[in-house]
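> Here you go, one structure.
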Amino acid sequence: KAGVTQTPRYLIKTRGQQVTLSCSPISGHRSVSWYQQTPGQGLQFLFEYFSETQRNKGNFPGRFSGRQFSNSRSEMNVSTLELGDSALYLCASSISYQETQYFGPGTRLLVL
Amino acid sequence: GENVEQHPSTLSVQEGDSAVIKCTYSDSASNYFPWYKQELGKRPQLIIDIRSNVGEKKDQRIAVTLNKTAKHFSLHITETQPEDSAVYFCAASRGGNEKLTFGTGTRLTIIP
Chain A
1 KAGVTQTPRY
11 LIKTRGQQVT
21 LSCSPISGHR
31 SVSWYQQTPG
41 QGLQFLFEYF
51 SETQRNKGNF
61 PGRFSGRQFS
71 NSRSEMNVST
81 LELGDSALYL
91 CASSISYQET
101 QYFGPGTRLL
111 VL
Chain B
1001 GENVEQHPST
1011 LSVQEGDSAV
1021 IKCTYSDSAS
1031 NYFPWYKQEL
1041 GKRPQLIIDI
1051 RSNVGEKKDQ
1061 RIAVTLNKTA
1071 KHFSLHITET
1081 QPEDSAVYFC
1091 AASRGGNEKL
1101 TFGTGTRLTI
1111 IP
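One line per chain: the protein sequences are A and B, in this order.
Just so you know, the first sequence maps onto residues 1 to 112 in my numbering.
Just so you know, the second sequence maps onto residues 1001 to 1112 in my numbering.
Structure follows, in structure tokens:
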């Protein structure tokens, strides 16, 4: 099976702009979770989608949003970018939470 | 919500020696505890997991122990090798549709 893919891999934006990141899960996986990874902060949970429904949301401001399509592909959007949004954004797909989460390679976002 | 603390944040071990990483969790209802390994520049990958009905699980040189009473679990790596150098993340979930909460990671360095 093909692994989890994320596009784009790298992104440079300026403050105030918005960005959309994409994640394609492993075929058959209906759960997609998004994480923000920064040095020293580990993996901070953003949200999780299952069958097009957001089941869980982390403690991030409303500028962070997401959605999932009927083919399980997911997108996350960050509006009004801030310098502190610079991070590696990882998505992970799984059959369910208590099964292995398979991570994508991540999108590295730099906000200038 | 769940809070997972992970110690130490950095660990250096002589090749061939053992390494132990400890995590504590706050939600007594948590029942799934995976460990992920992230090598430099790569995505996190599951290396072992344990569920609350089991006290210990082994996979070759890797073992995880769980103490539900004390709400802590540990990763043990024996006969460490250079390829064990990576960042290790523990996580906990209470199951069902509940999200995974990750620790802040341990950077393990194996000294040749």
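Cβ atoms here follow ideal geometry from the backbone N, Cα and C, with glycine treated the same way.
Predicted, not measured: the structure shown is a model, and the values here were computed from it.
1) Against chain A, with Cβ distances strictly below 8 Å, would Asn-1003/B count as a contact?
2) Can you tell me whether Leu-21/A is helix, strand or coil according to DSSP?
3) If we count Cβ pairs, one from each stretch, closer than 8 Å, do we get three or more for the segment 1072-1087 of chain B versus the segment 1035-1054 of chain B?
4) Helix, strand or coil, according to DSSP, for Leu-110/A in the structure here?
5) Given a cut-off of 8 Å, decide if Arg-15/A and Leu-88/A are closer than it, judged by their beta-carbon atoms.
6) I'd like to check one pair, Lys-1057/B with Ile-1050/B: are the Cβ atoms closer than 8 Å?
7) Quick check: what's the CA-CA separation for Leu-90/A versus Ala-1063/B?
8) So what does DSSP say about Gly-1041/B, is it helix, strand or coil?
9) Of the residues that make up the segment 45-77 of chain A, which ones have a beta carbon closer than 8 Å to any beta carbon in chain B?
10) Mapping DSSP to helix, strand and coil, what is Asp-1059/B?
11) State buried or exposed for Glu-48/A, treating a residue as buried only when at least 16 other CB atoms are found within 10 Å of its CB.
12) Are there any heavy atoms of the ligand ZN lying less than 7 Å away from the beta-carbon of Leu-11/A, as far as the coordinates show?
13) Between which two residues does the beta strand (DSSP E) containing Val-78/A stretch?
14) Is the CB-CB distance between Glu-75/A and Thr-20/A below 8 Å?
15) Do we get a CB-CB distance below 8 Å when we pair Pro-1082/B with the residues of chain A?
16) Counting only beta-carbon separations shorter than 8 Å, does Gln-41/A have a partner in chain B?
17) Run through chain A and tell me which residues come within less than 9 Å of Arg-1043/B, C-beta to C-beta.
18) Output the boundary residues of the beta strand (DSSP E) element that contains His-29/A.
19) What residue range is occupied by the uninterrupted beta strand (DSSP E) comprising Ser-70/A?
20) I need the straight-line Cα distance from Phe-157/A to Ala-2/A, nearest angstrom please.
21) Taking the alpha-carbon positions, what's the Asn-71/A to Glu-52/A distance?
22) Per DSSP, what kind of secondary structure is Glu-99/A in: helix, strand or coil?
23) Let me know if Ile-1111/B comes out buried or exposed under the rule of 16 or more other beta-carbons within 10 Å of its beta-carbon.
24) Can Leu-110/A and Ser-86/A be called in contact, C-beta distance under 8 Å?
In short, the structure shows the following:
1) no
2) strand
3) yes
4) strand
5) no
6) yes
7) 26 Å
8) coil
9) Phe-45, Glu-48, Phe-50, Arg-55, Asn-56, Gly-58
10) strand
11) buried
12) With respect to the ligand ZN, the structure shown offers nothing to examine, as it has no ligands at all.
13) 74-78
14) yes
15) no
16) yes
17) Gly-3, Val-4, Leu-90, Ala-92, Tyr-102, Phe-103, Gly-104, Pro-105, Gly-106
18) Here His-29/A belongs to no beta strand (DSSP E), and DSSP marks it neither H nor E.
19) Unbroken run through Ser-70/A: none, as it is neither H nor E.
20) Look at the range of chain A in this structure, 1 to 112, and you will see that residue 157/A is not part of it.
21) 9 Å
22) coil
23) exposed
24) yes
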